[in-house]
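*Asks:* This is the structure I want to talk about, given as structure tokens.
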Amino acid sequence: MLIKILGPGCANCAALEHATHAALAQLGWQAAVEHVTDYAAIAGYGVMSTPALVVDEQVLLTGRVPQAGQLADLLAAHTQQ
Amino acid sequence: MTARDSAAPGVQPPATPRGRVRRVVALGLAALVWAGALLVNEPTWDRVVYHWGGLSAATRWGSAVHFFLTDIVKIILLLVGIIFVVTVLRSYITLERTRALLGGRREGVGNVMAAGLGVATPFCSCSAVPAFIGFVAAGVPLGVTLSFLIASPLVNEVAVVLLYGLFGFKIAALYVTSGLLIAIGAGWLLGRMRLERYVEGFVFTTTLRGQPVPPGTALSFTDRMRLGREEVAIILRKIWPYLLAGITLGAIIHGWVPEAFFVRYAGSDNPFAPLVAVAIGVPLYSNAAGILPLIEALHAKGLATGTLLAFMMSTVALSLPEMILLRRVLKPPLLAIFTAVVAAAILATGYLFNAIL
Chain A
0 MLIKILGPGC ANCAALEHAT HAALAQLGWQ AAVEHVTDYA AIAGYGVMST
50 PALVVDEQVL LTGRVPQAGQ LADLLAAHTQ Q
Chain B
0 MTARDSAAPG VQPPATPRGR VRRVVALGLA ALVWAGALLV NEPTWDRVVY
50 HWGGLSAATR WGSAVHFFLT DIVKIILLLV GIIFVVTVLR SYITLERTRA
100 LLGGRREGVG NVMAAGLGVA TPFCSCSAVP AFIGFVAAGV PLGVTLSFLI
150 ASPLVNEVAV VLLYGLFGFK IAALYVTSGL LIAIGAGWLL GRMRLERYVE
200 GFVFTTTLRG QPVPPGTALS FTDRMRLGRE EVAIILRKIW PYLLAGITLG
250 AIIHGWVPEA FFVRYAGSDN PFAPLVAVAI GVPLYSNAAG ILPLIEALHA
300 KGLATGTLLA FMMSTVALSL PEMILLRRVL KPPLLAIFTA VVAAAILATG
350 YLFNAIL
């Protein structure tokens, strides 16, 4: 699983990365978490409000930072598909 | 973790009637406490400062301390209420939906819609660049996109409700109307100038792939309430230094600057006053909450309304940090023309209000 955090580096982007690590720890999963800060790349995903969460090249979340528990549910639901 | 927390996203937790009643009652109580605090604020400080504190309203210290305490409590109460309500309401609108509404609009109608949507759409300046790329790459005309980017910070809820709370309905309505007209007019004019060649090339070549998930779809009522509370904390944490500086400066002006001082130098009979106000305001960065206590104190000293509104608009709408962000997508000539057109529109508004008020 490859997780990307999209965002130019604002406080919310760091908060989302933090929440993602917490969610992964809750699930007991290992995954690479990358940071995408390039504006063209961010826009390429069709994302306009940052921060955004991309898992295996699929946008799961834009424009907000959920709680770690909600994030864990989102990741679990994604892998079940 | 409770069962409710672990409900799958998109599936609303089963709302029991009792839980819903309890939430509505809690919200209602919070609203009552809020309104009550706002009502007793000034009488309380009258009593504390003038009665218990033994300071006279006629002395400099008395009026300055009273201004400081009354304003700081009033502004924080107003901010908490407004930000919470607006964040919850805005969680129903997304940038993606706004773009879909604006795509394929002609200029003119598009500019009017963009200005209106700029006010309603949740938007933070850190998203300005991705939003700009997303709009332009999806075929929203440049001028329409700029109308959106001008209206969004200029007519923001914090500014409008604080204006209403501190100055009353007339000034707040004037501000909203002129702010929207500036966004529509400046965006339309910039669109007419055919400035697309000054937009960084990668904006047009960016291909939009993927199906972004609209952030509003999976939110429960509890989520929206949580977003509202978090936004209040985030904004207060961000603006408190500005707020404190603004209110302190306002209190000093209130207590120590003589009436005639500003009227002589920046009254409505000084034709250069709005020009100076805008020249100072453009590079200056503050948000509405920091600048308004200052404006209130200056207003009380007889400064012309148009001059004050022009000063406030130029600090809120144009700032150096925003220019640096936008430089990533706009080449310097467009950035310069953008700043000049918006500043000129604000200046014209200042002169207009000084003339008619």
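Chains as they are written, first to last, in numbering that gives the first Met the number 0: chain A, 0 to 80; chain B, 0 to 356. All C-beta atoms, glycine included, are put in the ideal place defined by N, C-alpha and C.
1) Are the beta-carbon atoms belonging to L101/B and V154/B less than 9 Å from one another?
2) Can you pull the DSSP bridge partners for Q57/A?
3) Taking just the CA atoms, how far does E56/A sit from P152/B?
4) Where in the stretch 259 to 288 of chain B do unbroken runs of the alpha helix (DSSP H), each at least 4 residues long, occur, reported from the N-terminal end onward?
5) Return the CA-CA distance between G68/A and A22/A, expressed in angstroms with no decimal places.
6) Kindly identify the DSSP beta-bridge partner or partners of L76/B.
7) Compare the Cα-Cα distances from Q29/A to each of D37/A, P65/A, T19/A and report the closest residue.
8) What does I41/A touch in chain B if you count any residue whose Cβ is under 7 Å from its own?
9) Please list the terminal residues of the continuous alpha helix (DSSP H) segment that includes V143/B.
10) Which of the three DSSP states is assigned to E156/B in this structure?
11) Using a beta-carbon distance cut-off of less than 8 Å, what residues from the stretch 43 to 55 of chain A approach chain B?
12) Assign A31/A to one of three DSSP states: helix, strand, or coil.
13) Which class does K3/A belong to by DSSP, given the choice of helix, strand or coil?
14) Terminal residues of the continuous alpha helix (DSSP H) containing K169/B?
15) Within a Cβ cutoff of 7 Å, which residues of the same chain sit near V175/B, ignoring the five residues on either side of it in sequence?
16) What's the call for H253/B, buried or exposed, on a 16-neighbour Cβ count within 10 Å?
17) Just how far apart, CA to CA, sit G53/B and E295/B?
18) In chain A, which residues lie less than 8 Å from G133/B when you measure between Cβ atoms?
19) In this structure, what does DSSP give as the bridge partners for L307/B?
20) What are the partner residues of V198/B, as DSSP defines its beta bridges?
21) Applying a beta-carbon distance threshold of less than 9 Å, which residues of chain A neighbour L226/B?
22) Is Q87/A helix, strand or coil by DSSP?
23) Under 9 Å, Cβ to Cβ, is there at least one residue of chain A near T430/B?
24) Could you tell me which chain A residues have their CB closer than 9 Å to the CB of R327/B, listed as they occur along the chain?
25) Shortest alpha-carbon distance to A299/B belongs to which of V262/B, A344/B, L218/B, P332/B?
26) Taking just the CA atoms, how far does W33/B sit from G215/B?
27) Anything in the stretch 87 to 111 of chain B with a Cβ closer than 8 Å to a Cβ of chain A? List those residues in chain order, please.
28) Give the C-beta separation of Y44/A and V58/A to the nearest angstrom, bearing in mind that I take them to be a contact with Cβ-Cβ under 8 Å.
29) Nearest by alpha-carbon distance to A42/A: which of P331/B, S177/B, V87/B, A127/B is it?
30) Nearest chain B C-beta to W28/A closer than 9 Å, yes or no?
31) What does the alpha-carbon distance come out to for the pair A361/B and I92/B?
32) Would you check if there are 3 or more beta carbon pairs closer than 8 Å linking the stretch 5 to 12 of chain A to the stretch 165 to 175 of chain B?
33) Quick check on DSSP: helix, strand or coil for K300/B?
34) With distances taken Cα to Cα, identify the nearest neighbour of V198/B among A335/B, G305/B, A343/B.
35) Using a Cβ cut-off of 9 Å (strictly closer), state whether F201/B contacts chain A.
36) Within the continuous alpha helix (DSSP H) that includes E230/B, where are the two ends?
*Replies:* So, from the data block:
1) Cβ distance not < 9 Å, so L101/B and V154/B don't count as in contact.
2) Looking at the DSSP output, Q57/A sits in a beta bridge with V54/A.
3) For P152/B and E56/A, the distance between alpha carbons rounds to 32 Å.
4) Qualifying alpha helix (DSSP H) stretches, in chain order: 272 to 280.
5) Approximately 6 Å, taken between the alpha carbons.
6) Answer is none; L76/B lacks a bridge partner.
7) Comparing C-alpha distances from Q29/A to each of D37/A, P65/A, T19/A shows the shortest one belongs to T19/A.
8) Going along chain B in sequence order, the residues near I41/A (Cβ under 7 Å) are P129.
9) Element bounds for V143/B: 141 to 153.
10) For E156/B, the three-state secondary structure derived from DSSP is helix.
11) Legend: CB atoms of the stretch 43 to 55 of chain A lying less than 8 Å from CB atoms of chain B belong to residues G43, Y44, G45, V46, M47, S48, T49, A51.
12) A31/A: strand per DSSP, three-state reduction.
13) Collapsing the DSSP output to three states places K3/A in a strand.
14) Counting along the chain, K169/B sits inside the alpha helix (DSSP H) bounded by residues 168 to 191.
15) Cβ within range, chain order: V154, V159.
16) Buried is the call here.
17) If you draw a straight line from the Cα of G53/B to the Cα of E295/B, it is about 25 Å long.
18) Ordered by position in chain A, the residues that pass the 8 Å Cβ test against G133/B are A42, G45, V46, M47.
19) In DSSP, L307/B forms no bridge with anything.
20) Partner(s): L329/B.
21) Think of a sphere of 9 Å around the beta carbon of L226/B: the chain A residues whose beta carbon falls inside it are R63, in chain order.
22) Past the boundaries of the shown model lies residue 87/A; chain A is included only from 0 to 80, so the question cannot be answered.
23) There is simply no residue 430/B to check, as chain B begins at 0 and stops at 356 in what is shown.
24) Simply P7, Y38.
25) A check of alpha carbon separations from A299/B across V262/B, A344/B, L218/B, P332/B identifies V262/B as the nearest.
26) Since pLDDT at G215/B reaches only 47, below the 50 mark, its modelled position is unreliable, and no value is offered.
27) Contact residues of the stretch 87 to 111 of chain B toward chain A are T93, L94, E95, R98 (C-beta to C-beta distance below 8 Å).
28) Beta-carbon to beta-carbon, Y44/A and V58/A are separated by about 6 Å, close enough to satisfy the 8 Å threshold.
29) Ranking P331/B, S177/B, V87/B, A127/B by CA distance to the CA of A42/A puts A127/B first.
30) W28/A does not count as touching chain B.
31) Look at the range of chain B in this structure, 0 to 356, and you will see that residue 361/B is not part of it.
32) No contact exists between the stretch 5 to 12 of chain A and the stretch 165 to 175 of chain B.
33) The answer is coil: DSSP assigns K300/B none of H, G, I, E or B.
34) Out of A335/B, G305/B, A343/B, A335/B has the C-alpha closest to the C-alpha of V198/B.
35) True, the Cβ-Cβ gap to chain A drops below 9 Å.
36) For E230/B, the enclosing alpha helix (DSSP H) starts and ends at 220 to 255.
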